[in-house]
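Numbering (the working numbering), first residue to last: 1 to 149. Where is the CB? At the ideal position from N, CA and C, for every residue including glycine. Just below is one structure, and these are the notes that go with it.
This is the structure:
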């Protein structure tokens, strides 16, 4: 009886961790893109948000336990100009949106390996791109872009 109760508690804890980090990842991504587009993003806020996105994504990775289905997508890791930051921030926002809306994460009834691979690929790229943005945030020149491309 104790083992069953403990397993249920562990399952509930993992579910709560997933839900909290999944939601926070989406909110952080939306906020980052909004702040960037409205010119409210500065180097300090970019660094803090990118690190929070990275933390959420790294927390989700073992919970999803997708194995080795997907690989990190290629992206330019040399970010220094305003245009490169703009492109990278928009890519991160798109990756988070795609990950959050992936049908493989919405239904446990049918396991689609292509969708699961895409979810893992998006998550791995979110982890790496948010790390690069966090590391390069001190050189963020601010946004000169206020409308979406």
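Contact set for residue i: own chain, Cβ-Cβ below 6 Å, skip 5 residues either direction
i, result
"residue 93", "29, 33"
"residue 140", "43, 46, 85"
"residue 149", "A caution first: residue 149 carries a pLDDT of 40, below 50, which makes its placement in the model unreliable, though a value can still be read off. Excluding positions up to five away in sequence, the list is empty."
"residue 131", "54"
"residue 6", "none"
"residue 22", "none"
Residue i vs residue j beta-carbon contact at 9 Å
i, j, result
"residue 126", "residue 79", "no"
"residue 135", "residue 70", "no"
"residue 100", "residue 116", "no"
"residue 16", "residue 52", "no"
"residue 75", "residue 129", "yes"
Contact belief for residue i with residue j at Cβ below 8 Å, rounded distance in angstroms
i, j, result
"residue 43", "residue 137", "5 Å"
Chain C contact for residue i (CB, 9 Å cutoff)
i, result
"residue 133", "Absence of chain C from the displayed structure is noted, only one protein chain being present."
Contacting residues, own chain, Cβ-Cβ under 7 Å from residue i (five flanking each side not counted)
i, result
"residue 26", "96, 100"
"residue 13", "none"
"residue 18", "60, 63"
"residue 73", "121, 125"
beta-carbon residue i near the ligand PLP non-hydrogen atom, thresh 8 Å
i, result
"residue 42", "This structure lacks the ligand PLP, and indeed carries no ligand of any kind."
Same chain, Cβ closer than 8 Å to residue i, five either side skipped, listed in chain order
i, result
"residue 10", "none"
"residue 112", "103, 104"
### Task
For the region 11–81, list the alpha helix (DSSP H) runs that are entirely contained and at least 4 residues long, ordered along the chain.
Counting only runs of 4 or more residues that sit fully inside the region 11–81, the alpha helix (DSSP H) segments are 43–64, in chain order.
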